[in-house]
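Asks: Structure in structure tokens, see below.
Protein chains in written order, with the working numbering: chain Z, 1 to 254; chain W, 255 to 508; chain Y, 509 to 762; chain X, 763 to 1016.
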């Protein structure tokens, strides 16, 4: 393919001297002052603006992931800010780099099996197939279980409630609840649908492609990590973390 | 300082098995489903939730920066996605790394001179001092001028209008307009307050510390760059960019 | 685990006011001025200094990956430098983020199947098992094939020759050559061992864990990307790339 | 400028189906197996291969910066690896992002004042001008002073010794030693030339542009950070760091 090919194109946004168009909307007239930041995220992920119910639910998904205190990502952002105080964007970017398979990646995993399932048939049977696939591979079922929050993850339950209130209930939620129940039975544990599982299922309900579902977490944490830069400027933690870690890890030497 | 010091602390968020608290609010009961993603950004940057007027204005600031098409950041995100398709967060983080002094950095520069000015006195004189400082150093005045949008940047004017509608007009806007007017006179050009200047001035009005003002752009672009990953998955541009750039740049050789 | 646990430790390096120790060597007396940068890479990856033959071969692995012109990574580094000229490390880091599964990741894939094979038995049979596994999954065999360099990748052949000259020939190379031959037969194509395959096999011969084998490419490209920052400072390409890409991709609009 | 402009070009590397050329050298015939990784760094930074003496000195510069234990960068790399174990390059890139003004940035600062000085005149007077400039701005003189290593930084002294042994002594070293002496007098402290100052001065002697001098540190730390990924895989520290930091920082809450 070359620049001359009609397939080389972008339909997200374009500008003229007098207007900026974003997914077909005039940025200044139709978006700025009329929609919120979460709505823009929905627009980026689906190509259309959300209905009021979808807006509430999608914003709730992101809000639930903005902040969880001194996570590894927040520690990374703070340590990076210490070394490069002139570069706020580096501190945030460094923190985002840890949003891989261990944490936010499970949003993607959950959204994937929900989207690959047949949703207009026997959901109990679909769930059984999903659980069997992960359990037989001795793999963790994405979106299920939490080290602290059980028997129910309060964030997950809240999100499901909001989806119901918006009249958007769908088989995606029924399916992941059934996956959690059957996985718990298979493993002899209490396994709630956790917040990343709920987000994966609800994102699927909203039509968001599983291949970018973890982007919901990336958007949200970018917002939260800026707050950690600010607190780090005012009450630094990085020098103490460095000192304590270095002393603890090398105390046998030197 | 050590971990034992009372100064080693974070007041952003903490968890118990039953609750997650964020800036003093219960995440599940008070934030999820009640505030939007932009409001969370305001909360991270100021420590408090916005009033309805502040919510509209702050969301507008972020919405205006989410998307501007195939910027250098979007190109970086797409090229990175090509090399590491398994890592959406890397593609977004790479794109954010270009939000330095050339583009979003001017939000910080504008917010800084607005916040360092005396706002309850003679704003014409304050503006003169600001312009003199930059012009005598042969430096660009941050937040002023735009290669395409002139005599007025439509995004800047829209944001100022929203601030007025919310009853939040303040001397910060008067000051930066005066800076633009005087800088234009000094340089013999038409220099509008551009969108980054408007954001710097309005962020100052909202009480956001200039040291994290560019974080507004970082939050916003993180949202937009996820959309570029999605479009790149569906209609790739990176292989063609690679080919065209490599051929053009090395055509004299080999 | 806590900081008090004897398992919380690092044995890479520690300092006293008078000495810095790195993997048991005195940095100033034993390393600086006595070993080269590639030897330090070998030390980091194996915990010991290389023999002269190992030094030649390992340095050659890295040298072969330092530079390949205007790759996607180099373009990313240059675009990032344009947006954040104050932050050389951001430009290099952004470029490294594209070293994922598409390019350097195949070093890891090749090293993995070489290291998981039984090397003291029938290598033809081992190769058949490896090829069967990838072909039946319709997956690309890592380290095999190249769009430009065929029937042989000159960098791969050079590296294998150096290994022989150093008296370090081993079954790892025999195995990957056999994998390439059988994969070519199975797919009816000419598939050379490419440079990433050669590096994966040779790294295995040198005792480098496949889980960090792509680190050889990361070390090497970090060196090369600094050179692209320098050329970009002197003869910029980023503004032209931005303009050409934006115009080509959005020419149907506006 | 457009792709058609003769100014749009890259002279670093280009390929044909049979050869890869790097700064005019045939990669396979002239570089792989003949030069080491540090020599490639010198080539990227100066456009030419080093003499044997320059090779020893430049490799020594990089070797001195590869490893310094559990620095903030190493902690960042380890925390990022914990969240994204599938992405070694992300862990290394995240660690590099902290190589800003606080640490490696001083290489750049030192190289800059050395390169902006007049070196064929009165170096005592040149040094006085440099010290006056920083002291009057109440700024730290880059490359001078160390919290642990004093009165002399052993790495700096070793590097200066190697430069002498290679017959490359020059006014750059005399100047920075004089800067350190005068700065110490002015501030009433013992201020050695530290390792970053020595590297800045020696890089200047070798003809490396100050605008990319911090790249020496970036190259070196990329090598070291891969080793931290490997140790983190084998003996993890990140989960314990997370737990201890979170508990210490939020112990007043919840």
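Don't be surprised by glycine CBs; every beta carbon is placed ideally from N, CA and C.
#1: Going along chain Z in order, which residues have a C-beta closer than 7 angstroms to the C-beta of residue 760 of chain Y?
#2: With burial defined as no fewer than 16 other Cβ atoms inside 10 Å of the residue's Cβ, what is the status of residue 457 of chain W: buried or exposed?
#3: Hey, residue 603 of chain Y and residue 651 of chain Y: beta-carbon distance below 8 angstroms or not?
#4: With a cut-off of 8 angstroms, do at least 3 Cβ pairs link the stretch 528 to 538 of chain Y to the stretch 568 to 576 of chain Y?
#5: Indicate whether residue 413 of chain W and residue 453 of chain W have their beta-carbon atoms separated by less than 8 angstroms.
#6: Within 8 angstroms, do at least three Cβ pairs link the stretch 590 to 605 of chain Y to the stretch 675 to 692 of chain Y?
#7: Which chain X residues sit within Cβ distance under 9 angstroms of residue 85 of chain Z?
#8: Since residue 275 of chain W sits in a beta bridge, which residues does DSSP pair it with?
#9: Rounded to whole angstroms, what is the Cα-Cα separation between residue 193 of chain Z and residue 106 of chain Z?
#10: Nearest to residue 567 of chain Y by CA position, among Y:580, Y:579, Y:553, is which residue?
#11: Mind listing the chain X neighbours of residue 242 of chain Z? Cutoff is C-beta to C-beta under 9 angstroms, in chain order.
#12: Applying the 10 Å Cβ sphere with the 16-neighbour rule, what's the burial state of residue 305 of chain W?
#13: Within 10 angstroms of its Cβ, does residue 625 of chain Y collect 16 or more other Cβ (buried), or is it exposed?
#14: Of the residues that make up the stretch 309 to 320 of chain W, which ones have a beta carbon closer than 7 angstroms to any beta carbon in chain Z?
#15: So, is residue 664 of chain Y buried or exposed, given that buried needs 16 or more other C-beta atoms within 10 angstroms?
#16: Of the choices Z:250, Z:207, Z:166, whose alpha-carbon is the least far from that of residue 112 of chain Z?
#17: Contact criterion: CB-CB distance below 8 angstroms. Does residue 153 of chain Z meet it with respect to chain X?
#18: Closer than 8 angstroms by C-beta to residue 255 of chain W: which residues in its own chain qualify, once you throw out the five before and the five after it? Chain order, please.
#19: Going by C-alpha to C-alpha distance, which of W:289, W:389, W:486, W:455 sits closest to residue 55 of chain Z?
#20: Please confirm whether residue 598 of chain Y has its beta-carbon closer than 8 angstroms to some beta-carbon of chain W.
#21: For the alpha helix (DSSP H) containing residue 572 of chain Y, list its first residue and its last residue.
#22: Chain Y partners of residue 491 of chain W, CB-CB under 7 angstroms?
#23: Using only CA atoms, which one of X:893, X:834, X:841, X:941 lies nearest to residue 864 of chain X?
#24: Who are residue 906 of chain X's beta bridge partners in DSSP?
#25: Which of the three DSSP states is assigned to residue 154 of chain Z in this structure?
#26: How long is the line joining the alpha carbons of residue 474 of chain W and residue 292 of chain W, rounded to whole angstroms?
#27: At the level of alpha carbons, what is the spacing between residue 887 of chain X and residue 803 of chain X?
#28: In angstroms, rounded to a whole number, what distance separates the CA positions of residue 525 of chain Y and residue 900 of chain X?
#29: Please state the DSSP three-state secondary structure of residue 810 of chain X.
#30: Report buried or exposed for residue 1009 of chain X, applying the criterion of at least 16 other Cβ atoms within 10 angstroms of its Cβ.
#31: Going by Cα to Cα distance, which pick from Z:169, Z:222, Z:135, Z:164 is closest to residue 180 of chain Z?
#32: Checking 8 angstroms against the spacing of the C-beta atoms, do residue 466 of chain W and residue 226 of chain Z come in under that value?
#33: Nearest CA to the CA of residue 675 of chain Y: which residue from Y:635, Y:713, Y:746?
#34: Report yes or no: is there a C-beta of chain Y within less than 8 angstroms of the C-beta of residue 282 of chain W?
#35: Tell me which same chain residues have a C-beta within less than 8 angstroms of the C-beta of residue 555 of chain Y, skipping the five on either side of it?
Replies: In this structure, then:
#1: Ordered by position in chain Z, the residues that pass the 7 angstroms Cβ test against residue 760 of chain Y are 9.
#2: When all chains shown are included, residue 457 of chain W counts as buried.
#3: Cβ atoms of residue 603 of chain Y and residue 651 of chain Y: not closer than 8 angstroms.
#4: Contact fails: fewer than three Cβ-Cβ distances are below 8 angstroms.
#5: Cβ distance < 8 angstroms, so residue 413 of chain W and residue 453 of chain W count as in contact.
#6: No, they do not touch.
#7: Within 9 angstroms Cβ-Cβ: 862, 863, 864.
#8: Answer is W:268, W:280.
#9: Answer to the nearest angstrom: the Cα atoms are 11 angstroms apart.
#10: Nearest Cα to residue 567 of chain Y within the set Y:580, Y:579, Y:553: Y:553.
#11: Within 9 angstroms Cβ-Cβ: 832, 833, 834, 837.
#12: Within 10 angstroms of the beta-carbon of residue 305 of chain W lie fewer than 16 other beta-carbons, which makes it exposed.
#13: It is buried - the Cβ of residue 625 of chain Y has at least 16 other Cβ atoms within 10 Å.
#14: From the stretch 309 to 320 of chain W, only 310, 313, 314, 316, 317, 318, 320 have a Cβ closer than 7 angstroms to chain Z.
#15: Burial call: buried.
#16: For residue 112 of chain Z, the nearest C-alpha among the options comes from Z:207.
#17: By this cut-off, residue 153 of chain Z is not an interface position.
#18: The beta carbon of residue 255 of chain W sits closer than 8 angstroms to the beta carbons of 261, 262 from its chain, once the five residues preceding and following it are set aside; these are given in chain order.
#19: Nearest option by C-alpha distance: W:289.
#20: At least one chain W Cβ lies under 8 angstroms of residue 598 of chain Y.
#21: If you look at residue 572 of chain Y, you'll find it in the alpha helix (DSSP H) that goes 560 to 573.
#22: What residue 491 of chain W touches in chain Y: 757.
#23: That would be X:834, whose Cα lies nearest to the Cα of residue 864 of chain X.
#24: Under the DSSP definition of a beta bridge, residue 906 of chain X partners with X:955.
#25: Helix at residue 154 of chain Z.
#26: If I take the Cα positions, the gap works out to 9 angstroms.
#27: Spanning the two alpha carbons is a distance of roughly 34 angstroms.
#28: C-alpha of residue 525 of chain Y to C-alpha of residue 900 of chain X: approximately 28 angstroms in a straight line.
#29: If DSSP states are grouped into helix, strand and coil, residue 810 of chain X belongs with coil.
#30: It counts as exposed.
#31: The shortest C-alpha separation from residue 180 of chain Z is found at Z:135.
#32: A contact, by the Cβ cut-off of 8 angstroms.
#33: Ranking Y:635, Y:713, Y:746 by Cα distance to residue 675 of chain Y puts Y:713 first.
#34: No, residue 282 of chain W does not count as interfacial toward chain Y.
#35: So the qualifying residues of the chain are 531.
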